[in-house]
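Numbering (this note's numbering), first residue to last: -2 to 595. Each residue gets a CB set at the ideal place from its N, CA and C atoms; glycine is no exception. Okay, so here's the structure we're looking at.
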């Protein structure tokens, strides 16, 4: 039997070490599906319930494995469905390859059924590399380039293969004019800045008395170096949410997340510092960084296209975080004298932890959503992988989950789209089938697509050596983050037709799939519920009936914002009584004296 183009695509993916492809079938990729049958499902075809979920699963797999995520879909509608997940990969800088079908070449341009101009459609999301295969000799070059580009640029790329091309006999490029051969593999490489630039950066950092460090996911390979720099400089370290799992929250000078979902000590760190070092982060909210002109600043980033953004940095170092810090460390002063600044940072961190503990302990109706996350925190195994969805649940993930060495966590950091929590978790289970995975999701995201993807979890659960996949749902029957944004930013009451959502029996639905389902309705059952979920011998959905009136108060929450919320009350917010009570109770915790006197 001759080798078809579709056979060669799968063969080349295997040669690149691709173990699975997340996809959904359709006639636009029938040739590829037939090739999968001939290849005995190698790489494995992982069937989601929707192409968008395939893309999210590929992103989750790539985020937690460090390897290429691959997704596949049919032409027209399937290819369109991939887009949201691919944009998530683009904005969070994740290597993903999309392989999509197209109508036969003979029908292209004829307004044929399901024909979409996919090259134009994908030109933005896969701007670094998108190509349509029209003859067999284009392979393997375009496939190799798509994979290399995805890795090198940390981005999504796309390969469009018309249906009739998939079924052509494969013939490799020859040693001839206008033929483009290719080869497998690429060596590891490291980018580093010039010696002069590193010296100038050291001069800026050595001159600072109150140094703040901001890290993102780009610092993930430089944990030891970040710790050494922080200790040499007597600095505090704040984390962008995509960098939450980079450095342990148990370190006393780690102030935790920054931004609207951030912590008070991170806000104070940036407000009061005189020097800023940003490592591997493109955190966009300038208002949470030092006032312009108040602090000197240095940035380290691997991507020259992203350097020098967000803040008026004095020195911009283009290079790998680990390699750059290793060259910077010998130039930093070791005799900085007193540690008054870092002592202040440590005290602020201790006070914040006490504040969050008090806030989680406040009574609510029926359950305080902060307490749900707080109760989970000490129960998490050290090798847990956590995913968080967007919405108010991301606040509780950011503020109450203590990242320890060995733990991983992520969310849709830049696109901040609803819906990736559960498919990320499924992608993580395929990346690490021997590790427990916990997804933290709101009821809105669960209704949007999480329920359907529990079917995927049920389908593939036997492939995971560790059966623990816990999906926790904050059930408050409200699209809570937007509700609070309307109150705080617009001074507008909750608009119930847009914000109120149905009460769904999430745990009962899980049980219909043969999964574990736990429903927690009272505060005194929260901890036991978590323990049961984490000990389950199969994937588990645990839902908590939480109070939508508990506010996700920003770390810099001002009385002006509280006045905006008050305006919403006066305009007739449906939840005004509970909102006043819970908002004031939560805010006042910041002003109570801490147990620590240091």
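Between residue 189 and the set 297, 89 and 209, the nearest pair of CA atoms involves 297.
In terms of Cα proximity to residue 275, the closest of 253, 305 and 291 is 305.
In this structure, residue 436 places its C-beta atom within 7 Å of the C-beta atom of residue 418.
With contacts defined by Cβ atoms closer than 7 Å, residue 245 and residue 252 do not form a contacting pair. No Cβ-Cβ contact shorter than 7 Å links residue 162 with residue 170.
Under the three-state reduction of DSSP output, residue 471 falls in the strand class. As summarised for the segment 321 to 373, the continuous alpha helix (DSSP H) elements at least 4 residues long and confined to that stretch are 337 to 357 and 366 to 373, given in chain order. Annotated three-state conformation of residue 161 is helix, per DSSP. For residue 44, there is no enclosing alpha helix (DSSP H); the residue is found in the beta strand (DSSP E) stretching over 41 to 44. In this structure, residue 95 lies near residue 83, with their beta-carbon atoms less than 7 Å apart.
Secondary structure at residue 166: strand, using DSSP grouped into helix, strand and coil. The three-state secondary structure of residue 141, taken from DSSP, is helix. Contact check between the segment 124 to 134 and the segment 144 to 161: three or more CB pairs, one atom from each, fall below 8 Å, which counts as touching.
Residue burial annotation: residue -2 is exposed, with fewer than 16 other C-beta atoms found within 10 angstroms of its C-beta. In the three-state reduction of the DSSP assignment, residue 464 falls in the coil class.
Shown here, residue 519 sits in coil according to DSSP, grouped into three states, outside any helix or strand. Per the coordinates, the alpha-carbon of residue 381 lies some 10 Å from the alpha-carbon of residue 402. Judged by beta-carbon spacing, residue 378 lies within the 7 Å limit of residue 433, meaning their Cβ atoms are closer than that value. A straight line joining the alpha-carbon of residue 194 with that of residue 325 spans about 10 Å.
Beta bridge pairing from DSSP links residue 298 with 315.
When the beta-carbon positions are compared, residue 28 and residue 3 come within less than 7 Å of each other. Sequence-distant Cβ neighbours of residue 39 in its own chain, meaning closer than 7 Å and more than five residues away, are 11. The Cβ neighbour count for residue 291, taken over all protein chains shown within 10 Å, is under 16; the residue is labelled exposed. The alpha carbon of residue 424 has as its nearest neighbour, out of 61, 0 and 8, the alpha carbon of 61.
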